[in-house]
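If you count the sequence shown from 1, you need to add 70 to reach this note's numbering. Where is the CB? At the ideal position from N, CA and C, for every residue including glycine. Everything numeric in this text was worked out from a predicted model, so none of it was measured.
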Amino acid sequence: MIKDYTKQYEVMYRDVNYKLKCKLSTIVDLFCDVGNLHAEAVGDTIEFQLSHGCAWVFYKYDIKIHRYPKYRDKIYVTTMPVGFKKFYAFRKYLIKSEDGELLAEATALFFFINIQKRRPARILKEQYEIYGEEGDMEVAIDMEKIEKMEREDHYKEFQIRYSDIDSNTHVNNVKYIEWAIESVPIEVIKGYEISRIKIVFERETTYGNRIHVSAEVREEENGLVTLHRITNLEGDELTLLEAHWRKVENN
Numbered sequence: 071m072i073k074d075y076t077k078q079y080e081v082m083y084r085d086v087n088y089k090l091k092c093k094l095s096t097i098v099d100l101f102c103d104v105g106n107l108h109a110e111a112v113g114d115t116i117e118f119q120l121s122h123g124c125a126w127v128f129y130k131y132d133i134k135i136h137r138y139p140k141y142r143d144k145i146y147v148t149t150m151p152v153g154f155k156k157f158y159a160f161r162k163y164l165i166k167s168e169d170g171e172l173l174a175e176a177t178a179l180f181f182f183i184n185i186q187k188r189r190p191a192r193i194l195k196e197q198y199e200i201y202g203e204e205g206d207m208e209v210a211i212d213m214e215k216i217e218k219m220e221r222e223d224h225y226k227e228f229q230i231r232y233s234d235i236d237s238n239t240h241v242n243n244v245k246y247i248e249w250a251i252e253s254v255p256i257e258v259i260k261g262y263e264i265s266r267i268k269i270v271f272e273r274e275t276t277y278g279n280r281i282h283v284s285a286e287v288r289e290e291e292n293g294l295v296t297l298h299r300i301t302n303l304e305g306d307e308l309t310l311l312e313a314h315w316r317k318v319e320n321n
């Protein structure tokens, strides 16, 4: 069984922002890609999951960015499965430069769900075997809670497009991050960059719906914290995010 899995990537022009730094959404896409490649390498393929009427879905993310890779940088992205706990699983991720500098790290929590019922399903016995797990974790990873919003300083609304939908027929998780970033003032985007983001995906949404993204901006000694609440127009809470921003010099 392959416990860790690493792939080299090159940061392409499509992956960067106007500062030629890798976008946060690209980093999350790389985490998803290397995680899928590892799962396929051990036999936990999408086809295998669908044959049992199930799929893995993200529930929580905690991502720390120490330094954003730049255009044409070659980076190494590693994923490490941590363990199972009945209905959910943990993975860790690392991004390193060619000379071994740690650029980013993340922890993710996944639920295994029954696609038809859209409810958590027991992880299959075969999955324990192919990942080399003899049983459940004794103690689950404690992922920090997201701070509670107190006010809505800014907001934006978005119409969900075909291109926002993934293979599970709901909005791709990266889109929520992009919407949250879009909801803060341009002065924040130009003067700061995200050093950490925590995300909880609470409810799915699908093509054709409109969503409302709230943002609260808090000034702190070392930068900013933005809190985000994403809802549908009926007020159902879809996703919560907490982003920590550090000041960027020489913009």
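Check                                                                                                    : Outcome
Residue 314 and residue 283 closer than 8 Å at C-beta                                                    : no
Cβ neighbour criterion (16 or more within 10 Å) applied to residue 93                                    : buried
Residue 116 vs residue 237 beta-carbon contact at 8 Å                                                    : yes
Whole runs of the alpha helix (DSSP H) within the segment 100-157, excluding any shorter than 4 residues : 116-121
Collapsed DSSP secondary structure at residue 270 in the structure displayed                             : strand
Cβ-based neighbour list, residue 172, same chain, cut-off 7 Å, excluding 5 preceding and 5 following     : 136, 164 and 166
Contact the segment 248-257 vs the segment 191-210: 3+ CB pairs below 8 Å                                : no
DSSP state of residue 262 mapped onto helix, strand, coil                                                : strand
Meets three-Cβ-pair contact criterion under 8 Å: the segment 143-157 and the segment 119-128             : no
Residue 55 versus residue 226: straight-line alpha-carbon distance, rounded                              : As displayed, the chain neither begins before 71 nor continues past 321, which places residue 55 out of reach and without an answer.
Backbone CA spacing between residue 216 and residue 310 [nearest angstrom]                               : 7 Å
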